[in-house]
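Residue 25 in numbering that gives the first Met the number 0 is what sits at position 26 of the sequence shown, and the numbering runs on without skipping anything.
Remarks on the structure that follows.
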Amino acid sequence: MVLKVIELVGSSSQSWEEATKDAVSKAQETVKEIKGVDLIAQTAVVKDGKITEYRANVKIGFVVE
Numbered sequence: 000m001v002l003k004v005i006e007l008v009g010s011s012s013q014s015w016e017e018a019t020k021d022a023v024s025k026a027q028e029t030v031k032e033i034k035g036v037d038l039i040a041q042t043a044v045v046k047d048g049k050i051t052e053y054r055a056n057v058k059i060g061f062v063v064e
């Protein structure tokens, strides 16, 4: 088995967990057999002193056929 790893950034207005789920969900639309996700970094956009967007930088591993 050979795995390929891609790096993506997911975003959410709710949480870093939701941002991570967003990245996996979007990847699943075009990538088959996702086997794992590695959370690399968590960042956020701040406006007027409040977090308005959570971002999760992730690596997603999937099987290459």
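Here a beta-carbon is modelled for each residue, glycine too, at the ideal position from N, C-alpha and C.
In the structure shown, residue 13 adopts coil according to DSSP, grouped into three states.
CA-to-CA, the gap between residue 52 and residue 35 works out to about 24 Å. Taking C-beta separations shorter than 6 Å and ignoring five residues to either side along the sequence, the partners of residue 54 in its chain run 8, 10, 18 and 42, following chain order. Boundaries of the beta strand (DSSP E) harbouring residue 35: 33-46, taken from the DSSP string. In the DSSP assignment, residue 52 falls within the unbroken beta strand (DSSP E) covering 49-63.
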